[in-house]
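*Asks:* Line by line, the protein sequences are chains D and S. Numbering-wise, our numbering comes out as the position in the first sequence, counting from 1, plus 40. Numbering-wise, our numbering comes out as the position in the second sequence, counting from 1, plus 158. No residue lacks a Cβ here, since even glycine has one placed at the ideal position from N, Cα and C. Before anything else, here's the structure in question.
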Amino acid sequence: MVDFHNRLTLAQLDADGALEEALVAATGSTRTQFLRSAALGSAALLTGLSDSATASPGPRQDTAILNYALAFEYLQAGFYTEAESLGTIRAMDAERERWARTLGAHERAHVRILKDVLGRRAAARPFFDYRGITEDPTTFTRTAVAMEDLTVALLGGQAPRVANQGLRSAFFSLLTVEARHATWARRIVGVAPVAEAFDSPKTIAQVDRVIRSTRFRVSRPKSEGRGSPRFTG
Amino acid sequence: MRSFARGPGWIAFAVFSTLAAVSVWAALTGRLGGNTDAAPPVDRRSAVAEAALPDPVPPAFVPPKPEALSGLDHVSFWSPVRRSIPVRVRANQNAAVIARLSTRTPEGTRNLVLILDRRRDARGTLWVRARFPSERNDAVGWVPRAALGGYGVVSTHLVVDVAKLTATLYRNGKRIFEAQVGVGMSENPTPTGEFYIRNKLTKYANAFYGPVAFGTSARSPTLTDWPAGGFVGIHGTNRPDLLPGRISHGCIRLRNTDILVLERLMPVGTPLTIV
């Protein structure tokens, strides 16, 4: 039985070390610093989600799960879109280019449908700082592997908790596609396409810890103010 | 002792064994009677079990067809300045410094730069070629990527024509807005060149600037000692009767109804061309 309350270390989550390696390179922190920050833990990105077994299934929890999935899809879609917009993907070989463009298009489609389903309850798109990772083909592809693996772990953990049958069915369809993404990404970077014989789901707290350790999600820069203009007039 | 293999008993055993093996093979493969197209026997227990299982639950949603990115030719990137940093003439730690970027604008918002290019130096450090606020036309230089924050993306572009006295906004290369403007008078001209929108101010109490004012990276070439650096703004006015015309100290003035429309359409970070 999976122990949902067991706190995993990043090393366990990131079996191949792809995420860790890419992020250490990007953030400049040492391996020890990075692992420490990754193990610290933090509050979930969105309120309303709980890993507690006593959390009550229902429409409210379904909305929270959908919104968390949307937040994660924002992160992924932004990752691929930025790499493509900056020309990083165009600079890769044909096989990798096709892979990255395909996954980017899929993630953007996932964002669109989750926003449509949530309507006015959809969370706003956060601001991301990928810290140069989208600007280097090597760090980009290796981080993509870790990101896709993490998506599978997230959906594997949340899909069974969705109360609405139709939503749950859709979540499983997303899950299988994300699993194919992960396998394709692993093949692209030359690591084992399937790491284990059994995929263990991750809790929201576990997923959130990894996301926060990346520092990809940042505050939107304050570009609007209410101060009196001091322009030349 | 008599050998079993040499007698009639051995022949009978061999024939019986062969027939038995052929029968088993035929039963397993459905080739009994030489009819190779015959359907395999139905396992009725399996069919009963299948009938008892429900159909798959229809998914509550199906994502739309994935679409490739488009319009990248009209996309621009901007980035906030995370820490005060010198701007260098080349992507090299030892290159000459041509300016210093602050993290804040005079209005207290986050300082932004427009991203033009990227390059790694010999040490592997990623550098960004950026347009930055300056009194010089087309002021660009190199800063380390690590000094900047995440990239914001815009697909808009504002063009102000000081001869025609118009402001035109494009999105994905298509014109979506145009208005008459007031620009700098001859002694305080509006600078021409390539700039960008640096911030947006609202809800201030100063009718002179109208309801909305955009800060730009352009600076007046003449009012260099103006408070806060003499930056050129794009804003509304309490004197719409003067528009269009050459009536300002370098700022670009629009009627209040027009600036409110522009507020909806033009995000911060939009490139600005003044011709």
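In chain D, which residues lie less than 7 Å from W384 of chain S when you measure between Cβ atoms?
*Replies:* In the second sequence, the residue the question calls residue 384 of chain S occupies position 226. Under the 7 Å cutoff, chain D gives T272.
*Asks:* Output the distance between the C-alpha atoms of G273 of chain D and V202 of chain D, rounded to the nearest integer angstrom.
*Replies:* Position 233 of the first sequence holds residue 273 of chain D. Position 162 of the first sequence holds residue 202 of chain D. Roughly 57 Å between the two C-alpha positions.
*Asks:* What residues of chain D sit near R413 of chain S, judged by a beta carbon separation below 8 Å?
*Replies:* Stepping through the second sequence from its first residue, residue 413 of chain S is reached at position 255. What R413 of chain S touches in chain D: nothing, since even the nearest Cβ is about 16 Å away.
*Asks:* Whole angstroms are fine: how far does the CA of R208 of chain D sit from the CA of A295 of chain D?
*Replies:* Residue 295 of chain D is absent from the model: chain D starts at 41 and stops at 273.
*Asks:* Would you call the CB atoms of I410 of chain S and G394 of chain S closer than 8 Å?
*Replies:* Counting from 1 along the second sequence, the entry for residue 410 of chain S is found at position 252. Counting from 1 along the second sequence, the entry for residue 394 of chain S is found at position 236. No.
*Asks:* Inspect the beta-carbon positions of S234 of chain S and G427 of chain S and report whether they are closer than 8 Å.
*Replies:* In the second sequence, the residue the question calls residue 234 of chain S occupies position 76. In the second sequence, the residue the question calls residue 427 of chain S occupies position 269. It is a contact, given that the beta carbons lie within the stated cut-off.
*Asks:* For H232 of chain S, return the contacting residues in chain D, with the cut-off set at a CB-CB distance below 8 Å.
*Replies:* In the second sequence, the residue the question calls residue 232 of chain S occupies position 74. Neighbours of H232 of chain S on chain D: none; closest Cβ ~11 Å, over 8 Å.
*Asks:* Interface residues of chain S around L125 of chain D at Cβ under 8 Å?
*Replies:* On the first sequence, position 85 is the one that residue 125 of chain D refers to. Note on identity: in this sequence residue 125 of chain D is Ser, with Leu being the wrong assignment. Going along chain S in sequence order, the residues near S125 of chain D (Cβ under 8 Å) are L227, L230, V233, F235 and V311.
*Asks:* Give me the residue from S:K322, S:G388, S:V298 and S:N330 with the minimum Cα distance to S313 of chain S.
*Replies:* The residue you call residue 313 of chain S lines up with position 155 of the second sequence. Cα-wise, what sits closest to S313 of chain S is S:N330.
*Asks:* State the DSSP-derived secondary structure class of T326 of chain S, mapped to helix, strand or coil.
*Replies:* Residue 326 of chain S sits at position 168 when you count from the first residue of the second sequence. The answer is strand: DSSP assigns T326 of chain S an E or B state.
*Asks:* Could you check if V247 of chain D is buried or exposed, using at least 16 other CB atoms within 10 Å of its CB as the buried criterion?
*Replies:* Counting from one through the first sequence, the residue named residue 247 of chain D turns up at place 207. Buried, since its Cβ has 16 or more Cβ neighbours within 10 Å.
*Asks:* Would a check of beta-carbon distances place T254 of chain D closer than 8 Å to chain S?
*Replies:* On the first sequence, position 214 is the one that residue 254 of chain D refers to. With 8 Å as the cut-off, T254 of chain D does not count as an interface residue toward chain S.
*Asks:* Let's test the definition: count the other Cβ atoms within 10 Å of the Cβ of G310 of chain S and tell me whether it reaches 16, buried, or not, exposed.
*Replies:* Counting from one through the second sequence, the residue named residue 310 of chain S turns up at place 152. It counts as buried.
*Asks:* Using CA coordinates, which residue listed in S:I405, S:L270 and S:A288 is at the minimum distance from T348 of chain S?
*Replies:* Position 190 of the second sequence, counting from 1, holds the residue named residue 348 of chain S. Looking at the Cα atoms, S:I405 is the closest of the given residues.
*Asks:* So, is Y328 of chain S buried or exposed, given that buried needs 16 or more other C-beta atoms within 10 angstroms?
*Replies:* Translated into the one-based positions of the second sequence, residue 328 of chain S becomes position 170. When all chains shown are included, Y328 of chain S counts as buried.
*Asks:* Check whether the Cβ of E265 of chain S lies closer than 8 Å to any Cβ atom in chain D.
*Replies:* What you label residue 265 of chain S is simply residue 107 of the second sequence in a count that begins at 1. For E265 of chain S, the answer is yes, since a Cβ of chain D falls inside 8 Å of its Cβ.
*Asks:* Kindly say whether T360 of chain S, judged by its beta-carbon, lies nearer than 8 Å to any beta-carbon of chain D.
*Replies:* The residue labelled residue 360 of chain S in the question sits at position 202 within the second sequence. Yes, because at least one Cβ of chain D sits closer than 8 Å to the Cβ of T360 of chain S.
*Asks:* So, is G373 of chain S buried or exposed, given that buried needs 16 or more other C-beta atoms within 10 angstroms?
*Replies:* Here the question's residue 373 of chain S lines up with position 215 in the second sequence. Buried, since its Cβ has 16 or more Cβ neighbours within 10 Å.
*Asks:* Distance cutoff 8 Å, beta carbons only. Does R281 of chain S sit that close to anything in chain D?
*Replies:* Residue 281 of chain S sits at position 123 when you count from the first residue of the second sequence. Chain D, which has no Cβ nearer than 8 Å to the Cβ of R281 of chain S, makes this no.
*Asks:* For V341 of chain S, which residues in the same chain have their Cβ closer than 7 Å to its Cβ, ignoring the five residues on either side in sequence?
*Replies:* The residue given as residue 341 of chain S occupies position 183 in the second sequence. The residues are V320, L323, T348, R404, S406 and I410.
*Asks:* Rounding to the nearest angstrom, what Cα-Cα distance links A280 of chain S and D231 of chain S in this structure?
*Replies:* Numbered from 1 along the second sequence, position 122 holds the residue referred to as residue 280 of chain S. Numbered from 1 along the second sequence, position 73 holds the residue referred to as residue 231 of chain S. So the two alpha carbons sit approximately 29 Å from each other.
*Asks:* Which partner residues does H315 of chain S have in the DSSP bridge list?
*Replies:* Taking the second sequence and counting its residues from 1, one reaches residue 315 of chain S at position 157. In the DSSP output, where bridge partners are listed per residue, H315 of chain S has S:Y328.
*Asks:* P261 of chain D: which of S:P238, S:A209, S:S228 and S:P224 sits nearest, CA to CA?
*Replies:* As a first step, residue 261 of chain D must be located in the first sequence, where it is residue number 221. Closest option to P261 of chain D, Cα to Cα, is S:P238.
*Asks:* Taking 8 Å as the cut-off, does the stretch 157 to 169 of chain D touch the stretch 179 to 198 of chain D (at least 3 CB pairs, one atom from each stretch)?
*Replies:* Flag = no, the stretch 179 to 198 of chain D and the stretch 157 to 169 of chain D do not touch.
*Asks:* Please classify S96 of chain D as buried or exposed, where buried requires at least 16 other C-beta atoms within 10 Å of its C-beta.
*Replies:* Start at 1 with the first residue of the first sequence, and residue 96 of chain D comes out as number 56. So S96 of chain D ends up on the exposed side.
*Asks:* Give the straight-line distance between the Cα atoms of G351 of chain S and P429 of chain S, rounded to the nearest whole angstrom.
*Replies:* On the second sequence, position 193 is the one that residue 351 of chain S refers to. On the second sequence, position 271 is the one that residue 429 of chain S refers to. The straight-line gap from Cα to Cα measures roughly 11 Å.
*Asks:* Nearest to Y120 of chain D by CA position, among D:Q101, D:A104 and D:T179, is which residue?
*Replies:* Start at 1 with the first residue of the first sequence, and residue 120 of chain D comes out as number 80. The shortest C-alpha separation from Y120 of chain D is found at D:T179.
*Asks:* From the beta carbon of L259 of chain S, is the nearest beta carbon of chain A less than 8 Å away?
*Replies:* Here chain A cannot be found, since the structure's protein chains are D and S.
*Asks:* Starting from H146 of chain D and walking both ways along the alpha helix (DSSP H), at which residues does that stretch end?
*Replies:* Counted from its first residue, the first sequence places residue 146 of chain D at position 106. It spans A134 to L158 - the alpha helix (DSSP H) in which H146 of chain D sits, taken as one unbroken run.
*Asks:* Let me check understanding here. Comparing Cα to Cα, which of D:D156, D:S213 and D:T223 lies closest to A232 of chain D?
*Replies:* In the first sequence, the residue the question calls residue 232 of chain D occupies position 192. Measuring from the Cα of A232 of chain D, the nearest candidate turns out to be D:T223.
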